[in-house]
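>
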Amino acid sequence: MTKINFITRWLIGFFFFSVFLGNIGGCALPAKKLLIKDISESFEVGTIISAETGKPVSYEKLINDLEGVQIIYVGETHNIPSHHDIQLRLIKEIFKSHPYVSVGMETFDRSYQQILYLWSDGDLSEEKFMEKMHWYANWKFDFELYKEVLLFIKNNKIRLVGLNIQPHIQSKIAIGGIESLSDDEKKHLPKEIDTSDADHKAYLEKIFKQHKVKGREKFENFYMAQCVWEEIMAESISQNLKGNPMIVLVGNGHIVHKFGIPDRAFRRTGASFKTIFLAPAGNEVEAELSYADYIWVTPSINKYHMGRSPHGHR
881 MTKINFITRW LIGFFFFSVF LGNIGGCALP AKKLLIKDIS ESFEVGTIIS
931 AETGKPVSYE KLINDLEGVQ IIYVGETHNI PSHHDIQLRL IKEIFKSHPY
981 VSVGMETFDR SYQQILYLWS DGDLSEEKFM EKMHWYANWK FDFELYKEVL
1031 LFIKNNKIRL VGLNIQPHIQ SKIAIGGIES LSDDEKKHLP KEIDTSDADH
1081 KAYLEKIFKQ HKVKGREKFE NFYMAQCVWE EIMAESISQN LKGNPMIVLV
1131 GNGHIVHKFG IPDRAFRRTG ASFKTIFLAP AGNEVEAELS YADYIWVTPS
1181 INKYHMGRSP HGHR
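Count the sequence shown with the working numbering and you get residues 881 to 1194, in order.
1. Name the DSSP bridge partner or partners of W1176?
2. Which residues in the same chain have their Cβ closer than 8 angstroms to the Cβ of K1066, if we skip the five residues on either side of it in sequence?
3. Return the chain-ordered list of same chain residues with a C-beta closer than 6 angstroms to the C-beta of F1153, the five sequence neighbours on each side being excluded.
4. Under 6 angstroms Cβ to Cβ from A931, same chain only, skipping five residues before and after it: list those, please.
5. Do N1124 and S982 have their beta-carbon atoms positioned less than 8 angstroms apart in this structure?
6. Can you give the Cα-Cα distance for C907 and V1029, rounded to whole angstroms?
7. Beta-carbon separation of A1159 and K913 under 8 angstroms?
8. How big is the Cα-Cα spacing for F1099 and H963?
9. Name the DSSP beta bridge partners of G984, please?
10. Sort E956, T933, I943, S938 by Cα distance to P1179 and report the nearest one.
11. In chain order, what residues of the same chain lie with their CB nearer than 7 angstroms to the CB of I1135, ignoring the 5 residues before and after it?
12. Which residues does DSSP list as the beta-bridge partners of Y953?
13. Return the chain-ordered list of same chain residues with a C-beta closer than 8 angstroms to the C-beta of I916, the five sequence neighbours on each side being excluded.
14. Is it buried or exposed, S1060, if we count other Cβ atoms within 10 angstroms and call 16 or more buried?
15. Of the residues Q1106, I1127, F1088, L1040, which one's Cα is nearest the Cα of I1053?
16. Compare the beta carbon distance of G984 and M1126 with 8 angstroms and say whether it is the shorter of the two.
17. Give every residue of the same chain whose Cβ lies closer than 6 angstroms to the Cβ of V949, excluding the five residues on either side of it in the sequence, and list them in chain order.
18. What separation, rounded to the nearest whole angstrom, lies between the Cα atoms of S1000 and D989?
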């Protein structure tokens, strides 16, 4: 995803706000839609599209289809509030019939798991939780985006699982490869690292060429860092799947086409899963049915907070 700095975002926002003011009393702005390019059809915000049929389904149909599924992946663009609202809605829905559901989040790395248990048990205040998690040092996105999801988890004593690897390890691999890690850092690597998926590699190579970062010019290091990132999250899921459903909240880039985390977790567990890609509508935004089992069209309004993305695609 192309990153735009704050000033550029502000100028773009100011321009569109001016256009909005100019249209008051005149014709209404057209509603934003999402184009599904492989079927050449556009869908309005709020539509849930089944990849199996290419047709819209009701929310009730989606929930019915998720019944009995062991792992439910719900993607996000980290700074879009509506994505977290949808995630909360789905957690509440699954919790009704599966009170022992767990929630795995990319937001947290595994070294903080004991603190996450304290949060789930209701033993930490919001302020103390943020302090112990080093929230803005590690994640940087506005806590308010995640607050309601985290409060529901705490208030209902839902098991919260940190999926991620320590961010400095990702960054070191992206720059110098696995061989640049210390022996201690290597202990945190996943037991399996599969780099053989040609489609996954081609997908990420295209992104790499579009968004090169100075000092990180070697694609092989970039790709290894991405694979380590996704393998560690898949490993975390497999180690914490305790016979009850798990809802996994991660960036859309980790579930698109399923070859990021979902296929890697399936290789380890054989557990049934579904993926839900939350796709913001926009004039130049498009998606493909192969992105996920379901594509949910959302508003594109976001908050301008950049999070950790040391090397790769989110």
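All residues carry an ideal CB built from backbone N, CA and C; glycine is no exception.
According to the structure shown:
1. I928, L1158, per the DSSP bridge assignment.
2. Take K1066, set aside five residues on each side of it, and the residues of its chain with a beta-carbon closer than 8 angstroms to its own are I1058, in chain order.
3. The answer, listed in chain order, is I951, P1142.
4. Cβ neighbours of A931 beyond the five flanking positions: L1169, D1173.
5. In this structure, the beta-carbon distance from S982 to N1124 falls below 8 angstroms.
6. In this prediction, C907 has a pLDDT of 44, which is less than 50 and means its spatial position is unreliable; nothing more can be read from the coordinates.
7. No, they are not a contact pair.
8. Using only the alpha carbons, I get a separation of about 31 angstroms.
9. Answer is V1041, V1128.
10. Checked all of E956, T933, I943, S938; the closest Cα to P1179 is E956.
11. For I1135, where only same-chain residues beyond five positions count, the Cβ hits under 7 angstroms are Y953, G955, I1141, P1142, T1155, F1157, A1172.
12. Y953 is bridged by DSSP to V1128, T1155.
13. So the list reads S922, F923, I929, G934, E1166, A1167, E1168, L1169, I1175, once near-sequence residues are dropped.
14. By the neighbour-count rule (16 or more Cβ atoms within 10 Å), S1060 is not buried but exposed.
15. The shortest Cα separation from I1053 among Q1106, I1127, F1088, L1040 belongs to Q1106.
16. Yes; because the gap between Cβ atoms is below 8 angstroms, this pair is in contact.
17. These residues qualify, in order along the chain: S1152, K1154.
18. Rounded to the nearest angstrom, the two C-alpha atoms are 16 angstroms apart.
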